[in-house]
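**Student:** Residue numbers (the numbering used here): 1 to 137.
1. Could you give the DSSP three-state label for residue 124: helix, strand or coil?
2. Any idea if residue 75 is buried or exposed, counting beta-carbon neighbours within 10 angstroms, 16 or more meaning buried?
3. Relative to the C-alpha of residue 55, which residue among 112, 116, 6, 113 is closest?
4. In terms of residues, what are the limits of the beta strand (DSSP E) holding residue 27?
5. With DSSP as the reference, label residue 64 as helix, strand or coil.
6. Nearest-angstrom Cα distance between residue 105 and residue 69?
7. Where does residue 85 sit, in a helix, a strand or coil, going by DSSP?
8. Mind reading off the beta-carbon distance from residue 47 to residue 80? Whole number of angstroms is fine, and I expect it under 8 Å.
9. Less than 8 Å separating the beta-carbons of residue 100 and residue 107?
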C-alpha cells in the first residue's frame, strides 16, 4: 500500500483528493499547511506528496524546494486554482514537480496522474493525462 501526503489549506479540496485516492487503496496522510507537511515528511515516510501551491503559511513552491532538498527522487504533484495558477504551475515544474494540475480537474484525471507519478512515468500526454499548463503570455 502506498502512503500519500496531501497538503492543502482548503479542507474541502483536501477531502476530495483524499477520498479519491483512498478509494483506490492508498493510505492518505493529510496536512493543512506546508509547515505541517514538512514535519510529516521528516517523521513519516511517504511515497508521494500532493501539494497546493497557494497556502497561507508558506507557498507550495517553497515547500517543493524544501522537499527536493530532503528527498530529490520523491514524486511530487502540484495543484493550483489561483488566478495566477499558470505561473505557479510552471514554476512548480521548473522546481521538479512530477505532475501539475490546474483546478478544477476531475478526480479521475487526478487519480490517473497520481498512479502515473507513482509508476515513474514522465510523459503524461502519452498516457492521455496531459498536464493543463501553458506558458504564460
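Backbone N, C-alpha and C fix where the C-beta goes; we use that ideal spot for every residue, glycine too.
**Tutor:** According to the structure data:
1. Because residue 124 sits at a pLDDT of 42, beneath the cut-off of 50, its placement in the model cannot be relied upon, and the point is left open.
2. Buried, because 16 or more other Cβ atoms sit within 10 Å of the Cβ of residue 75.
3. Nearest to residue 55 by C-alpha distance, out of 112, 116, 6, 113, is 6.
4. For residue 27, the enclosing beta strand (DSSP E) begins and ends at 27-31.
5. Note: residue 64 maps to helix in three-state DSSP.
6. About 29 Å.
7. In the three-state reduction of the DSSP assignment, residue 85 falls in the helix class, which pools H, G and I.
8. Incorrect: roughly 22 Å between the Cβ atoms, too far for contact.
9. Between residue 100 and residue 107, the C-beta gap is not smaller than 8 Å, which leaves the two residues out of contact.
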